[in-house]
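Working notes for the structure below.
Number of protein chains: 2
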Amino acid sequence: MSRQREFFDLASRLIGRSPTFSGILVVCAVGGGSLVVYADSRADPSIPVGQGQVPPKKKVVVLGTGWAGTTFLKNLDSSMYDVHVVSPRNYFAFTPLLPSITCGTVDARSIVEPIRNIIRKKGGGIQFWEAECFKIDPSNKKIYCRATGGTNINGNSEFVVDYDYLVVALGAKANTFNTPGVPEHCHFLKEVEDAQKIRRSIIECFEEASLPNLTDEDRKRKLQFVIVGGGPTGVEFAAELHDFVNKDLVKIYPRARELAKILVVEAGEHILTMFDKRISEFALEKFSRDGIEVKTGYKVVKVTEKSVCMVGKDVGEVDLPYGMAVWSTGIGTRPVILDLMKEVGQGNRRVLATDEWLRVRECDGVYALGDCASISQRRVMEDIGAIFRVADKDKSGTLTVKEIQDVLGDICERYPQVELYLKSKQMKSLVDLLDESAGKVGGETLELNIDQFKKALEHVDFQVKNLPATAQVASQQGAYLARCFNIMDKVEENPEGPLRITGSGRHRFRPFRYKHLGQFAPLGGEQTAAQLPGDWISIGYGSQWLWYSIYASKQVSWRTRVAVVSNWLRRFIFGRDSSCI
Amino acid sequence: MSRQREFFDLASRLIGRSPTFSGILVVCAVGGGSLVVYADSRADPSIPVGQGQVPPKKKVVVLGTGWAGTTFLKNLDSSMYDVHVVSPRNYFAFTPLLPSITCGTVDARSIVEPIRNIIRKKGGGIQFWEAECFKIDPSNKKIYCRATGGTNINGNSEFVVDYDYLVVALGAKANTFNTPGVPEHCHFLKEVEDAQKIRRSIIECFEEASLPNLTDEDRKRKLQFVIVGGGPTGVEFAAELHDFVNKDLVKIYPRARELAKILVVEAGEHILTMFDKRISEFALEKFSRDGIEVKTGYKVVKVTEKSVCMVGKDVGEVDLPYGMAVWSTGIGTRPVILDLMKEVGQGNRRVLATDEWLRVRECDGVYALGDCASISQRRVMEDIGAIFRVADKDKSGTLTVKEIQDVLGDICERYPQVELYLKSKQMKSLVDLLDESAGKVGGETLELNIDQFKKALEHVDFQVKNLPATAQVASQQGAYLARCFNIMDKVEENPEGPLRITGSGRHRFRPFRYKHLGQFAPLGGEQTAAQLPGDWISIGYGSQWLWYSIYASKQVSWRTRVAVVSNWLRRFIFGRDSSCI
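Going down the list, the protein sequences come from chains A and B.
In terms of my numbering, the first sequence has 329 at position 329, counting the first letter as 1, and numbering is strictly consecutive.
To convert, count from 1 in the second sequence and add 581; that's my numbering.
So this is what it looks like as C-alpha cells:
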C-alpha cells in the first residue's frame, strides 16, 4: 500500500499544480543540439583556450523587443553572454493597453518603455541596434539587417550580424487573409502607431461629420465605425469606442449619440470564442443594450473606400458603409519568418515550428518564441515503442506498476498531453487509465503488454493544442528561455530535464510549460469579464478593478506604472480629450 | 496750483500704469465703421423688426484657434452673437511650451485643449468647423473653406460661410526667406506636430549613430544638431536639447557626450536681440560653458540633404554638416492673408494692417489680430493740424495750458506714442515738452501757436513701434476685441473712446493698448532669464521657478494644468524618455 501511496503522491504533485506557483513550476530542458552548437561556435577555434585564459563570451542576438524579446532580455544574466538586440522599435510596448490608446484613455508614451532604459537597469553591456532584420541565414549563423531610418549617411543602411545563439522574437503582422482593400482602407491594431492613428481617425470622423456641407445620411456614414473581428482586441476596442462616444464625445458633438454607430463583424458564430460561453453571451447582451451591433456569421470579402463588403450565409453580399474600419481578425507571419521557414524545410507551415525547448528544428542555435513561433509537441504515439522500451527495465515485455511509476514523472514532463488527458477524464493517475484499458482493477498486480499500453494511450495526443498568440505566452517563453541560458553551464553536469525517450541520458533542460493565468475582456462601462484559472468566471465592476490593478502591477517600469495610473485618474476626473493630436 | 495738480494726476495715471493691473487697463474703442456694418448686416432686411420681435443675432465668424482666436472666444459673451469658429486645428495649443515637447519633457497632449471643450464650458451655442479658410471675400462678406480631411464622402470638401463680423486670427507660417532646401530638409517649430516630429528625429539621429556600420565621422555628422535662428524659440530649443542630451541621453547612449554637438546659427550679431543685452550676454556665456556653439553673423543661403551652407562676413561659404536642422528664423504671412491684402490694397505690405481698433482698413466688419496682423498707429504729425483745431476751443490761434489740459487725455489715448516719447525724455507731462519747445518755463501762462506746437511734437512719432509677434500680444488683442464685442450695444449711447480728432464726437471704443508683462528665455540647466516690466532682469534658478509657476497658471484648463505639472514632476523623478513614439 505504501508504494501505491507514493505513486499517488507523485502523480498528484505533477497534476494538481496550484496556479499561484507558476513561476516555480515552469519546467524546462534543452537537449544535446545546443551542446554541439556551444562547442562549434567558439569565436576562433585556432586559438587554444589555455589555463587562466577566459574563453570569449558566446554572442546572443535577440530579434525583437516585444513581450518575448523583452522578457528574455530582462531575465537574462547578461554578464554571461555578449548580448545584441536588433529591433525596428527602440521600445517595449505594453500591448494589452493598446485599445485604451485608441480613445486617449491612456497616452501612447505611458505604455512604452525604451529598451535602452531596460538595458541600463541591467548594468549595460548589451548592444541595441534600431534596425529591421530582413534575412536570417542559419547555415552561416548570420542575420542581415537594415536601418529603419532609410539610407544612412554613407548611402548604406544594411549590415550583417553573426551570432552563436539567435533568439527570434519578431512577433507577427496583422492578417488580412488577402482580402482586397484591407491594407489601403482599414486600420490595424497591432502597434502603438496604429492606435494613435485610430484615435486621430475617430476624431476626424466626428469633425468631418460636423461640417456644414453634409446631408444627415453622409453624417451617419461618416460616424459608422466597423470593426472586423470579434476577438478580444476587436471587442475591447468596440467597448472602449462606445464609452468614448457616449461618455465624452456626446458632450462636445451634440448629435453624436443620435448619429454614431458601432458594428462588430465576426465570421464565426460567436464573439470572444476563446472565452467561456457565459462571457461571450454576457458580452453579446451588453453590446446589444449599448447599441453596438454584432453581426456574426459574416465574412468580409472586400473593402472599398466607402464600404465593407461582406457575405452572410443566407443573405448574400451586404455592403456596410463606414467612416472608419478597424481590421482585427488575427495574426499572420512576417516575410522574414516565411523565408526562414522555407530555408529550413517548413515551407508548408503557418508559423515557425520549434520543439518543446523553443529550438527551431534543423537550426543550430536558433530559438523562436512569441507570436512568430509555435511549439510542435512530440506525440506519445510517435514514441510509444520507445516509451515502452524505456519503461520496461527488466525487458520482460510487460510493464508493471512499479516500472510505470519509475518513469511516470519523466513521461508526464516530456508529454504534457498525458496530464491533460487524465484531467479531462477526471482521473488521478495513469494507473487508472491503464486499469480502464486493461478492463479490470489491477492495482499493484497490473501488468500490460505493448498493445495494451498503446491502446491505453491512443487518445492522449488529441489533447495537444497550440498555445494562443498572447502576451502571456510570449512573456512566459521569454522568461523560460532566459532561465535556460542562465543555467546552461550548470545543466551540462547536472541535467534537470526528463529522461531521453529516444536517446540515452536525460535532457539538459525541462521543456517549456505554459501556465495560463487567466484572461480579461473589458466590455466598457467599467465592466470587465475575467476568466481565471480553474474556470473561475467573474463579470462586472469587481473584475474591472482587478483589471486595473493587474495591468498597473504588470507595467515594465515605475515610470510607465505611474504614467498609466495617472492617465486613468485623469480620465476619471477630466474625461478623455478630443484634440486631434 | 490745484489745476496743475489735477493735470499731473491725470498724466501720471495715464503714464505710470502698474503692470499688475493690465486687465483693467486695456483700453479700447471702435469707431463708426462698425455701426454701418451693424445696420447693413441684418439677416433679411425685407422682414421688418416689429415690436416684441427679437432682431436676429449678428453672425461672428472666428478664423483660427491660436492665442488670439481662443482668447477672443473665451472672453466673448457668446449669447449676444451667433458665433462660428473655423480652424484646421480643433484644439488650442499652449505654444510657449513647444520647445519642451521637442525633448519629451512635456507630452504634446498636455498642452493642447480641444476647442470644443472651451465651447462647452461657455454653455455651447458656438459652432466649430474643422476646416481651412482658403479665401476671404470681404466685399460679399463670405469666406471659403475646405475640410482638412481631404475630399468628403460626397466628393465636395468646400463650403462657404457668410458673416456679419469676421475675426481673422489665422497666425503666421514659418518664414524660410525663400532659402532653397529649407522646406525639404529642415524642421520648423511652429505647430505641435512640428515639435513631435523633432522629438522623433532627435531619437532617430541617436539610434542611427549607434548602428554598427558607421565611421566615427559619420556618427559625429549624425549627431550634429544645427539650429538656424538665435531668437527665443531657437535658443530655448538649443538649451532644452542640450539638457536632453546631457542629462538623459548620455545615460543610454554612452558616447553621446563625446559625439553630439549643438550649433546655433544667427544672421545678426547677437542672439536674443529682443532681450536686454545682459540677458543676451549671459546666454552666450552659458552656451559656451555648455559647449553649445553660437555662430553669429552667418547667413544661411542653402540647405542640402547633408549640410547647411552659410555665408559669413569675412569667411565666405561654410558647409555645416548636420544630422538634424531646425529652422526658426521668424514668421511669414499665410497665402490666404496675402490674397486678402492684395484685394484690399495692401499688396505691398508684409502683414495685414489694422487700425488701433484692430479693424482691417477698407473692410467692413473684418477684424484681424495676432501674428497675421499688425496695428498701424496713426501718426501725430498726420493729424497735427486737426489736433490743434480740436484743442484750440476758443479759436484764438494759440493753445493755452488749460486748452491742452482739456484734450490731453484724449490725445494720449489716441496717440500712445506721446506718452512713450515723454517717458523716453523722462518728462512727466506734455507741458514740460511744450515748455522745452517754447524755450522757456511758461507754467500756466504758456501759449503756443501751430508752428510751436508742431515743433514740440515733431519727434513723437519715432516712438511708434510694431508690436512683437508673441502669444502675449495675440492674447491681449483677443481679450480686447471680445470686450469690444461684449459692450457694443452700450457704447452706441455712451462712447468710451477718445475724442475724434478728424471727425466729431467720440470714438465708440478705446483703442487697443498693449501692456508688456515681461518675457522669459529658458537657458537650460534649470536656469531662465526673465525680463520683466520696468527693465527688471532676473537670471538663474529663481526665474526658472517663476517660469514654472507662471506657465502653470497660464494654462487654459485645469486638465492641461494638471497634465503639465505632472509632466514636469515625471521629468524630475524619471527623466525624459527616449522611445521613438
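The beta carbon of each residue, even a glycine, is placed where N, CA and C say it ideally should be.
Local Cβ density within 10 Å of isoleucine 271/A, reported as buried at 16 or more and exposed below that:
The count along the first sequence starts at 1 and reaches residue 271/A at position 271. Buried.
Helix or strand or just coil, what does DSSP make of glutamate 285/A?
Taking the first sequence and counting its residues from 1, one reaches residue 285/A at position 285. Reduced to three states, the DSSP call for glutamate 285/A is helix.
Measuring straight from C-alpha to C-alpha, what distance separates cysteine 786/B and glutamate 191/A?
Locating residue 786/B in the second sequence gives position 205, counting from the first residue. Locating residue 191/A in the first sequence gives position 191, counting from the first residue. Rounded to whole angstroms, cysteine 786/B and glutamate 191/A show a C-alpha spacing of 22 Å.
Write down every uninterrupted run of the beta strand (DSSP E) in the region 527 to 558 of chain A whose length is 3 residues or greater and which is fully enclosed by it, in chain order.
Complete beta strand (DSSP E) runs here, min 3: 527 to 532, 536 to 540.
Closer than 6 Å by C-beta to aspartate 162/A: which residues in its own chain qualify, once you throw out the five before and the five after it? Chain order, please.
In the first sequence, residue 162/A corresponds to position 162, counting from 1. Once the five neighbours on either side are set aside, the close Cβ partners of aspartate 162/A are Lys141, Lys142.
Are the beta-carbon atoms of arginine 361/A and aspartate 355/A separated by less than 8 Å?
Numbered from its first residue, the first sequence carries residue 361/A at position 361. Numbered from its first residue, the first sequence carries residue 355/A at position 355. Cβ distance < 8 Å, so arginine 361/A and aspartate 355/A count as in contact.
Excluding sequence positions up to five away, which residues of its chain have a Cβ less than 8 Å from the Cβ of glycine 849/B?
On the second sequence, position 268 is the one that residue 849/B refers to. Once the five neighbours on either side are set aside, the close Cβ partners of glycine 849/B are Gly811, Thr877, Gly878.
Contacts around aspartate 194/A, its chain only, beta-carbon distance under 8 Å, and the 5 residues preceding and following it disregarded
Residue 194/A sits at position 194 when you count from the first residue of the first sequence. Excluding sequence neighbours, aspartate 194/A sits near Leu98, His187, Phe188.
Exposed or buried, phenylalanine 1043/B, counting other C-beta atoms within 10 Å across all chains shown (16 or more means buried)?
In the second sequence, counting from the first residue as 1, residue 1043/B sits at position 462. Phenylalanine 1043/B should be labelled exposed.
Rounded to whole angstroms, what's the CA-CA distance from isoleucine 136/A to proline 695/B? Just pull it up for me.
Sequence index remark: in the first sequence, residue 136/A carries index 136 (1-based). Sequence index remark: in the second sequence, residue 695/B carries index 114 (1-based). Between isoleucine 136/A and proline 695/B, the C-alpha separation is close to 48 Å.
Same chain, Cβ closer than 6 Å to aspartate 276/A, five either side skipped, listed in chain order:
To locate residue 276/A, count along the first sequence from 1; it is residue 276. Excluding its 5 nearest sequence neighbours in each direction, aspartate 276/A has C-beta neighbours in its own chain below 6 Å: Gln531, Ile537, listed in chain order.
Under a CB-based cut-off of 8 Å, is tyrosine 672/B close to chain A?
Working through the second sequence from its first residue, we reach residue 672/B at position 91. Taking 8 Å as the CB threshold, tyrosine 672/B lines the interface with chain A.
If you count every other CB in all the chains shown that lies within 10 Å of the CB of methionine 855/B, and 16 or more means buried, which is it?
Counted from its first residue, the second sequence places residue 855/B at position 274. Classification for methionine 855/B: exposed.
Residue-level contact to chain A via CB, serine 888/B, 8 Å cutoff
Here residue 888/B is taken as the residue at index 307 of the second sequence, counted from 1. Judged by the 8 Å Cβ criterion, serine 888/B is not in contact with chain A.
Relative to the C-alpha of serine 157/A, which candidate in Leu795/B, Glu898/B, Ser888/B, Val1072/B has its C-alpha closest?
What you label residue 157/A is simply residue 157 of the first sequence in a count that begins at 1. Nearest of Leu795/B, Glu898/B, Ser888/B, Val1072/B to serine 157/A, Cα basis: Leu795/B.
Just verifying my parser: in three-state terms, what is the DSSP assignment at aspartate 77/A?
Indexing the first sequence from 1 puts residue 77/A at position 77. Look at aspartate 77/A here: in three-state DSSP terms it is coil, with no helix or strand label.
Going along chain A, which residues have a C-beta under 8 Å from aspartate 688/B?
Locating residue 688/B in the second sequence gives position 107, counting from the first residue. Ordered by position in chain A, the residues that pass the 8 Å Cβ test against aspartate 688/B are Asp107, Arg109.
Sub-8 Å separation of glutamate 496/A and phenylalanine 512/A beta-carbons
As a working mapping, residue 496/A is identified with position 496 in the first sequence. As a working mapping, residue 512/A is identified with position 512 in the first sequence. No.
Pair every Cβ in the region 451 to 460 of chain A with every Cβ in the region 375 to 392 of chain A, then say whether three or more of these pairs are closer than 8 Å.
Cβ pair count under 8 Å is three or more, so yes.
The ligand SAH and histidine 185/A: does the residue's C-beta get closer than 7 Å to at least one heavy atom of that ligand?
Ligands in the displayed structure: none, and consequently the ligand SAH is not present.
Beta carbon proximity, glutamate 458/A to chain B, threshold 8 Å
As a working mapping, residue 458/A is identified with position 458 in the first sequence. It does not; no Cβ of chain B falls within 8 Å.
If contact is defined by three or more beta carbon pairs under 8 Å, each pair taking one atom from either stretch, is the region 116 to 129 of chain A in contact with the region 248 to 260 of chain A?
The answer is no - the region 116 to 129 of chain A does not touch the region 248 to 260 of chain A, with fewer than three Cβ pairs under 8 Å.
In the DSSP assignment, find the alpha helix (DSSP H) that holds serine 1056/B and state where it starts and stops.
To locate residue 1056/B, count along the second sequence from 1; it is residue 475. First-last of the alpha helix (DSSP H) with serine 1056/B: 1052 to 1067.
Taking Cβ to Cβ, would you say arginine 690/B is nearer than 8 Å to isoleucine 581/A?
For this step, residue 690/B is matched to residue 109 along the second sequence. For this step, residue 581/A is matched to residue 581 along the first sequence. In contact: arginine 690/B and isoleucine 581/A (Cβ atoms closer than 8 Å).
For glutamine 584/A, which residues in the same chain have their Cβ closer than 7 Å to its Cβ, ignoring the five residues on either side in sequence?
Outside the shown range of chain A, which is 1 to 581, sits residue 584/A, and nothing can be said about it.
Looking at the secondary structure, which residues open and close the beta strand (DSSP E) in which lysine 135/A lies?
Along the first sequence, one-based indexing puts residue 135/A at 135. In the DSSP assignment, lysine 135/A falls within the beta strand (DSSP E) that extends over 126 to 137.
Based on Cα-Cα distance, which residue from Cys412/A, Lys299/A, Ile539/A, Glu305/A lies nearest to valine 315/A?
Counting from 1 along the first sequence, the entry for residue 315/A is found at position 315. That would be Lys299/A, whose Cα lies nearest to the Cα of valine 315/A.
Check whether chain A comes within 8 Å of asparagine 827/B, counting only Cβ atoms and requiring the distance to be less than that.
On the second sequence, residue 827/B is found 246 positions in, with the first residue counted as 1. Cβ-Cβ to chain A under 8 Å: no for asparagine 827/B.
Shorter than 8 Å from the beta carbon of alanine 43/A to some beta carbon of chain B?
Working through the first sequence from its first residue, we reach residue 43/A at position 43. Residue placement at alanine 43/A cannot be trusted, given a pLDDT of 38 that sits under 50; what the coordinates show is reported in the next sentence. Using beta-carbon distances, alanine 43/A does not count as an interface residue toward chain B, since no partner is under 8 Å.
Rounded to a whole number of angstroms, what is the C-alpha to C-alpha distance between aspartate 625/B and aspartate 663/B?
Numbered from its first residue, the second sequence carries residue 625/B at position 44. Numbered from its first residue, the second sequence carries residue 663/B at position 82. With a pLDDT of 40 at aspartate 625/B, under the threshold of 50, the modelled position of that residue is not reliable, and the figure given next carries that caveat. Going from the Cα of aspartate 625/B to the Cα of aspartate 663/B covers about 15 Å.
Chain D contact for glutamate 207/A (CB, 8 Å cutoff)
Among the protein chains of the structure shown, namely A and B, there is no chain D.
If the criterion is Cβ atoms closer than 8 Å, does the pair valine 882/B and threonine 1083/B meet it?
The residue labelled residue 882/B in the question sits at position 301 within the second sequence. The residue labelled residue 1083/B in the question sits at position 502 within the second sequence. Valine 882/B places its beta carbon 8 Å or farther from that of threonine 1083/B.
With DSSP run on the structure shown, which of helix, strand or coil describes serine 100/A?
By 1-based counting over the first sequence, the position of residue 100/A is 100. In the three-state DSSP reduction, serine 100/A falls in the helix class (H, G or I).
Cutoff 7 Å; reference phenylalanine 740/B; Cβ partners in own chain excluding five residues on either side:
As a position in the second sequence, residue 740/B is number 159, starting the count at 1. Contacts found: Cys726.
Could you tell me whether the region 323 to 341 of chain A touches the region 218 to 234 of chain A, using the rule of 3 or more Cβ pairs below 8 Å?
In the pairwise beta carbon analysis, the region 323 to 341 of chain A is classified as touching the region 218 to 234 of chain A: at least three pairs are separated by under 8 Å.
Take the Cβ of alanine 29/A as the centre, count every other Cβ of all protein chains shown within 10 Å, and call the residue buried at 16 or more, exposed below.
Translated into the one-based positions of the first sequence, residue 29/A becomes position 29. Its pLDDT being 29, under 50, alanine 29/A is placed unreliably by the model, and nothing is read from it.
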